[in-house]
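In the working numbering, the protein residues as written are 5 to 208. The block underneath contains the structure these notes are about, expressed in structure tokens.
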Amino acid sequence: MTEDVHLRRVPRQTRGQQRVSKILSAAAELFAEIGYDASTTNAIAARAETSIGSLYQFFPNKDAILEALSNQYKAELGELFSSLSPNPNSSVEMMFGQIVDTVAAFYASRPGFQVVFYGSSQKDELAEAADALYQTIIASIDGLIAFYHPGLAPDRRTLSALVSMKAVKSLLPMAVANNGTINPHLIAEIKTLVGAYLRTTLEK
């Protein structure tokens, strides 16, 4: 678990870590089922099969739970992206395809990811959590482009990464059903679309 300044107490023992993990898992399920606004700390504690007092030992409020969940997703995504080492014999389009597969699988396997990743323009806490995840993915794409096109201007590189991820973010809900099923045909279409954009833009 990622340590966070907004935790009331960082669990040091396995038992406490497991309790925090259950709370975050319960929160993710509820955020996905009924939305962030409708979820309450009491409901999260009940779903986690722990007392509300135990929840408050670690989290002062629901916003802190959201932040911890966002940090967990960010750390997990960072680890996944770090394993996608660029191959000199490959291309930025092919490597980006691996990023699309990684994000799609992550989206499908974690019920709370959609709520956190897509955020809300009306809810500051959700907007901040979404931006944190978004920047993690943008940074990975930016680094990928830099590897294959080292002479590209940084602002052009960052813009290409931003546009690519915007496209994926917009289309991903079409490709991943609520039950976590991934439509491989739609994923392939996303890769084709963004791959063509990257190929055309980066070769200018």
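We put the beta carbon where it would ideally sit given N, CA and C, even for glycine. A quick note: this is a predicted structure, and the numbers were derived from the prediction, not measured.
Report back the beta-carbon spacing between residue i and residue j to the nearest angstrom; my notes put them in contact at under 8 Å.
i	j	result
Ser168	Phe121	That pair is no contact at about 16 Å.
Val172	Val119	That belief does not hold up - the Cβ atoms of Val172 and Val119 are roughly 17 Å apart, past 8 Å.
Thr205	Ser164	5 Å
Tyr138	Val180	Not a contact, Cβ separation roughly 17 Å.
Ala133	Glu71	7 Å
Arg114	Ala32	7 Å
Arg51	Leu34	6 Å
Leu148	Pro90	6 Å
Met178	Leu190	6 Å
Phe62	Val24	5 Å
Tyr40	Leu130	6 Å
Is it buried or exposed for residue i, if we count other Cβ within 10 angstroms and need 16 for buried?
i	result
Gln76	buried
Leu73	buried
Asp128	exposed
Ile69	buried
Asp146	buried
Glu7	At Glu7 the pLDDT is 41, less than 50, meaning the model places this residue with poor confidence; the figure from the coordinates comes in the next sentence. Looking at its Cβ environment, which holds fewer than 16 other Cβ atoms inside 10 Å, Glu7 is exposed.
Ala192	exposed
Ala157	exposed
Gly184	exposed
Lys170	exposed
Val9	A caution first: Val9 carries a pLDDT of 39, below 50, which makes its placement in the model unreliable, though a value can still be read off. With fewer than 16 Cβ atoms within 10 Å of its Cβ, Val9 is classed as exposed.
Arg19	exposed
Arg203	exposed
Quick check on DSSP: helix, strand or coil for residue i?
i	result
Asp8	Low confidence applies to Asp8: its pLDDT is 43, below 50, so where it sits in the model is not reliable, and the reading given next is rough at best. Looking at Asp8 - three-state DSSP - the assignment turns out to be coil, as it is neither helix nor strand.
Tyr77	helix
Leu88	coil
Gly39	coil
Ala52	coil
Glu207	coil
Thr44	coil
Ser25	helix
Phe121	helix
Gly147	helix
Phe110	helix
Phe63	coil
Gly116	coil
*Validate contact between the region 150 to 160 and the region 87 to 97 using beta carbons, cut 8 Å, 3 pairs*: Yes, the region 150 to 160 is in contact with the region 87 to 97.
_Does the structure place the region 49 to 63 close enough to the region 77 to 93 that three or more beta carbon pairs sit under 8 Å?_
Touching, no, given that fewer than three Cβ pairs across the two stretches are closer than 8 Å.
*asked:* For the structure I just gave you, are there three or more beta carbon pairs, one from the region 103 to 111 and one from the region 40 to 48, closer than 8 Å?
replied: Under the Cβ criterion (8 Å, minimum of three pairs), the region 103 to 111 does not count as touching the region 40 to 48.
_Just to confirm the assignment: which complete alpha helix (DSSP H) runs, minimum length 4, are found wholly within the region 151 to 195?_
Contiguous alpha helix (DSSP H) elements confined to the region 151 to 195 occur at 158 to 179, taking only those with 4 or more residues.
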